[in-house]
Amino acid sequence: MGKNSLSKAELVEILTTTKKTSERNKAVKQLKKFDLVTNKHCDSEARKDNLRMKKLNYLVGFMCWRCGGVRQTNIKCYFNTREGQKTICYTCCRGLLDFIEVEQLRKEHQRQGIVPKVPAAVLEDLVRPLG
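Okay, here's the thing in structure tokens:
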């Protein structure tokens with residue numbers, strides 16, 4: 107890790123494979139300088155059964171697939187998409203779970219006649235998952 111000009115791919119590899127905290131911290135610091143690349147095109151696939159959180163007894167470093175942010179945490183979340191299993195951060199996972207809950211409540215309230223039916227295109231502009 108002596109070089110200052112490592113590529114993003116090399117830094118991600120260091121982040122995921124190194125056991126040394128100092129190397130991981132340096133990789134995190136350098137990865138934060140890169141622009142975020144978001145992958146929110148699979149948000150419509152989100153359901154409670156394809157989102158999973160795992161609490162670990164140790165600190166892990168990874169890049170969130172959904173928001174593109176670099177994370178060091180002891181909670182890892184997995185999102186099963188049509189593209190395969192992806193690792194996402196806790197914030198993105200909670201945002202997707204909250205969005206799912208809001209959608210279920212909205213559908214139930216529409217069924218009961220509490221709220222008027224609004225076209226889905228209008229709702230997508232108003233309510234988007236956090237992250």
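In this note's numbering, the protein residues as written are 107 to 237. Yeah, the Cβ is synthetic: ideal placement off N, Cα and C, and Gly gets one too.
Scanning its chain for C-beta atoms nearer than 6 angstroms, with the 5 sequence neighbours on each side dropped, one finds around V118 the residues M169, in chain order. I220: not part of any beta strand (DSSP E); DSSP gives it neither H nor E. Here P222 has Q216 as same chain residues with Cβ atoms under 8 angstroms from its own Cβ, once five neighbours each way along the sequence are excluded. Nearest to S128 by C-alpha distance, out of G167, G175 and K213, is G167. Taking the Cα of G201 as reference, the smallest distance to any Cα among L165, R153, T187 and N163 is reached at R153.
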